[in-house]
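Participant: This structure is in structure tokens; I'll ask about it shortly.
Residue numbers (full-length UniProt numbering): 1 to 234.
In structure tokens:
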């Protein structure tokens, strides 16, 4: 018998649907460009009556737990990073999603911040380095804030320092990767709160990384992306 992740089991105590129904609805929401009402209609066709607002509540409760589980199973990434930020609308205002990929297109990490400045960029790099260790090279665009953040990190480091490259052309890889994230966000019609945006973006990023093969699986197994997502609950 499969044992549930204790944190997932704790969340389920306050919910009133089977876990498999909840996981399917949450996965559909973060894996595809669907609105909550689309998901409500899809599950009704399968004989399950779930209000769209309930699906939203499930996502906010479950995704933080699944994100922690995914980070424990995430594969290592390369040492050459391409970092960039993109704009996300939250409560009618533009916020900044910092992201990076390695030279093979694997996602390094992500961080939503209210401002686009040296402090935000440094917080992103510190978070990514804590998860993956320091890279050998980071490619950024002409952003002065990102450059200042990396220079500050290098100033606090012992050798070797991180090599910094500034090239918009070399950053095409991460800019293209932004599109996959923003495509899934579009039907969500913006986020009402910063907390909601942070949680749902993390779910979208997790599903995107799973699709790119960034989750460790048992040796000799080749589960589908859906099954890998469901495994995070165990």
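For each residue, glycine too, the CB sits at the ideal point set by N, CA and C.
Report the residue from 126, 45, 201, 224 whose alpha carbon sits nearest the alpha carbon of residue 64.
Facilitator: Taking the chain shown and counting its residues from 1, one reaches residue 64 at position 64. Residue 64 has its Cα closest to that of 201, out of 126, 45, 201, 224.
Participant: Could you check the C-alpha separation between residue 109 and residue 140 for me, to the nearest Å?
Facilitator: Position 109 of the chain shown, counted from the start, is the residue given in the question as residue 109. Position 140 of the chain shown, counted from the start, is the residue given in the question as residue 140. In a straight line, the C-alpha of residue 109 is about 15 Å away from that of residue 140.
Participant: Contact between the segment 33-48 and the segment 91-104 is defined here as three or more beta-carbon pairs at a separation below 8 Å; is this criterion met?
Facilitator: Because the criterion of three Cβ pairs below 8 Å is not met, the segment 33-48 and the segment 91-104 do not touch.
Participant: Taking 7 Å as the threshold (C-beta atoms), are residue 209 and residue 107 in contact?
Facilitator: Residue numbering aside, residue 107 sits at position 107 when the chain shown is read from its first letter. Residue numbering aside, residue 209 sits at position 209 when the chain shown is read from its first letter. Result yes, Cβ atoms of residue 107 and residue 209 sit closer than 7 Å.
Participant: For the putative contact between residue 89 and residue 215, defined by C-beta atoms under 8 Å, what is the C-beta separation to the nearest angstrom?
Facilitator: Counted from its first residue, the chain shown places residue 89 at position 89. Counted from its first residue, the chain shown places residue 215 at position 215. 29 Å between Cβ atoms; not a contact.
Participant: Taking DSSP as the reference, what is the three-state secondary structure of residue 1?
Facilitator: In the chain shown, the residue the question calls residue 1 occupies position 1. The pLDDT assigned to residue 1 is 48, lower than 50, so where the model puts this residue is not dependable; a value taken from the coordinates is nonetheless given after this. In the structure shown, residue 1 sits in coil (DSSP, three-state: anything other than H, G, I, E or B).
Participant: For residue 152, which of 165, 3, 126, 80 has the nearest alpha-carbon?
Facilitator: Locating residue 152 in the chain shown gives position 152, where the first residue counts as 1. Selected option, being the one with the closest Cα: 126.
Participant: Answer with buried or exposed for residue 171, where buried requires no fewer than 16 other C-beta atoms within 10 angstroms of its C-beta.
Facilitator: Residue 171 sits at position 171 when you count from the first residue of the chain shown. Buried, by the Cβ-count rule.
Participant: In whole angstroms, what separates the C-alpha of residue 114 from that of residue 193?
Facilitator: If you number the chain shown from 1, residue 114 lands on position 114. If you number the chain shown from 1, residue 193 lands on position 193. Whole-angstrom Cα-Cα distance: 11 Å.
Participant: Going by Cα to Cα distance, which pick from 111, 143, 226, 118 is closest to residue 131?
Facilitator: Reading the chain shown from its first residue, position 131 is the one you call residue 131. Ranking the options by Cα distance to residue 131, first place goes to 111.
Participant: Considering only C-alpha positions, which residue in the set 137, 212, 188 is nearest to residue 165?
Facilitator: Counted from its first residue, the chain shown places residue 165 at position 165. For the residues 137, 212, 188, the minimum Cα distance to residue 165 belongs to 137.
Participant: For the putative contact between residue 128 and residue 100, defined by C-beta atoms under 8 Å, what is the C-beta separation to the nearest angstrom?
Facilitator: Stepping through the chain shown from its first residue, residue 128 is reached at position 128. Stepping through the chain shown from its first residue, residue 100 is reached at position 100. With a Cβ gap of about 6 Å, residue 128 and residue 100 count as contacting.
Participant: If you draw a straight line from the alpha carbon of residue 8 to that of residue 233, how long is it in whole angstroms?
Facilitator: Along the chain shown, read from residue 1 onward, the residue named residue 8 stands at position 8. Along the chain shown, read from residue 1 onward, the residue named residue 233 stands at position 233. The straight-line gap from Cα to Cα measures roughly 6 Å.
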